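Quick note on my numbering: the sequence shown kicks off at 4 and runs consecutively.
Glycine included, C-beta positions come from ideal geometry on N, C-alpha and C.
Everything numeric in this text was worked out from a predicted model, so none of it was measured.
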Amino acid sequence: MNQSEFELQFIKILKINNIELDDSQVQNFFQYYKILSEENEKYNLTSIKDLKSIILKHFLDSIMGLKLFEEASKKNELYKFDIIDFGCGAGFPLVPYKIYNQSIGKINKIIFIDSNSKKINFLNILFQNLKFKNNQKIMTLHSRLENFNSTDLSSKLILVGRAVGEINKILSNIISFLFKNKIEDAIFVYYAGPNFIIPENKIVKFYQPSNNIKKTNDVRFEISGKISEYSYQAKKISRKLAVFEIKNLK
């Protein structure tokens with residue numbers, strides 16, 4: 004498919020959903036689609052292959068969820084945090100949102116984590132071909148979130164996940180990651196299905212060995228969450244977005 008054919012269908016869908024992009028952003032999305040289609044023939048990055056479905060279910064859905072989160076948050080809240088997209092796969096949702104929202108570049112770092120090395124290799128190829136208007140630090144990492152250990156993270160963090168597994172297991176992995184990296188507060192933005200029910204607010208206890216003896220220090224994390232709903236394509240497609248606040252109670 005050539006670029007003009009892509010743009011014809013892409014811009015039509017954008018107009019239906021009141022999304023405006025400049026020429027450079029449209030060009031980035033075309034490159035994204037082109038590289039995704041080419042690399043998907045080598046190994047399985049996504050089961051969604053036709054253009055309209057990629058635009059709706061990957062590009063637009065990624066934009067609409069984080070757009071809802073940012074609009075509901077305090078002004079400029081996203082700019083105070085590092086962002087981690089874990090289980091990022093082919094870059095959804097954070098790459099489409101970064102293309103859409105140029106000001107997301109004011110964030111210190113964006114980190115993409117996936118346990119599949121082929122998907123991380125794909126992202127490295129993708130970022131070599133996308134053109135952004137800022138020189139923000141982008142990192143890709145072949146790992147699992149709960150195994151990631153860094154001394155270079157902000158004390159406050161936004162985690163983003165889309166189709167990354169069962170929610171209680173996800174939250175457990177996040178707590179393990181926060182505990183390991185001594186991070187006190189985090190926000191987890193989770194793209195959920197239409198039937199998703201948020202778990203009750205709870206306090207999760209972790210136990211840390213103290214001075215290599217049998218006594219332990221009780222470390223507690225409080226998890227609270229709320230659900231918002233969004234729709235697009237003239238309200239034909241509906242989704243839920245769950246936002247969890249996770250705090251170390253010390």
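Can you check which of these residues, the options, is closest to residue i by C-alpha distance?
i, options, result
"F13", "I173, N104, R223, F62", "F62"
"P202", "K45, E232, I170", "I170"
"I57", "S40, E8, G196", "S40"
"V163", "A237, L71, K250, F191", "F191"
"F115", "I161, L71, F72", "I161"
"N20", "K250, Y235, S241", "Y235"
"Q34", "S118, M4, N176", "M4"
"A195", "I102, R165, A189", "R165"
"K134", "L11, K112, Y103", "Y103"
"A237", "L11, S7, I22", "I22"
"K239", "S7, I16, L11, F32", "I16"
"I141", "Y193, V29, I86", "I86"
"Q30", "N198, N43, L11", "L11"
Do you know how far the Cα of residue j is from the Cα of residue i?
i, j, result
"E149", "I173", "10 Å"
"E248", "K136", "31 Å"
"L54", "F9", "8 Å"
"K112", "L69", "17 Å"
"D88", "S27", "24 Å"
"S175", "F182", "11 Å"
"A189", "K159", "6 Å"
"K48", "G168", "Position check: residue 48 holds Leu in this sequence, whereas Lys was assumed. L48 and G168: Cα-Cα distance of roughly 17 Å."
"F32", "Q105", "13 Å"
"A75", "N124", "34 Å"
"V246", "I186", "18 Å"
"P99", "G228", "25 Å"
"K18", "F72", "21 Å"
"F180", "S153", "10 Å"
"D25", "K101", "14 Å"
"S241", "V222", "38 Å"
"G94", "E42", "13 Å"
"N198", "Y233", "13 Å"
"K253", "Q139", "33 Å"
"T219", "D155", "Here T219 scores only 41 on pLDDT, less than 50, and its place in the model should not be relied on; the value that follows carries that caveat. Each residue's alpha carbon lies about 27 Å from the other."
What would DSSP say about residue i, mapped onto helix, strand or coil?
i, result
"N21", "coil"
"Y235", "strand"
"N251", "strand"
"Q211", "The predicted model places Q211 with a pLDDT of 49, which falls under 50 and marks its position as unreliable; any figure quoted below should be read in that light. If DSSP states are grouped into helix, strand and coil, Q211 belongs with the strands."
"I116", "strand"
"D53", "coil"
"I87", "strand"
"A273", "In the structure displayed, the chain extends from 4 to 253; residue 273 sits before or after that span and is not available."
"I240", "strand"
"I226", "strand"
"Y194", "strand"
"I173", "helix"
"T219", "Residue confidence for T219 is low, a pLDDT of 41 falling below 50, so the modelled location carries little weight; the figure read from the coordinates is stated next. T219 falls in the strand class under three-state DSSP."
"V246", "strand"
"D155", "coil"
"M142", "strand"
"F13", "helix"
For residue i versus residue j, is the C-beta distance shorter than 7 Å?
i, j, result
"I226", "K243", "no"
"K122", "G90", "no"
"N127", "T143", "yes"
"N251", "F224", "yes"
"I38", "L97", "no"
"S51", "K45", "Sequence check: residue 51 is Ile here, not Ser. No, the pair does not count as a contact, with Cβ atoms beyond the cut-off."
"S157", "F84", "yes"
Does the ligand ADP have even one heavy atom less than 6 Å from the beta-carbon of residue i?
i, result
"N20", "With respect to the ligand ADP, the structure shown offers nothing to examine, as it has no ligands at all."
Legend entry - Segment contact flag, the segment 64-75 with the segment 140-156, C-beta cutoff 8 Å, min 3 pairs: no
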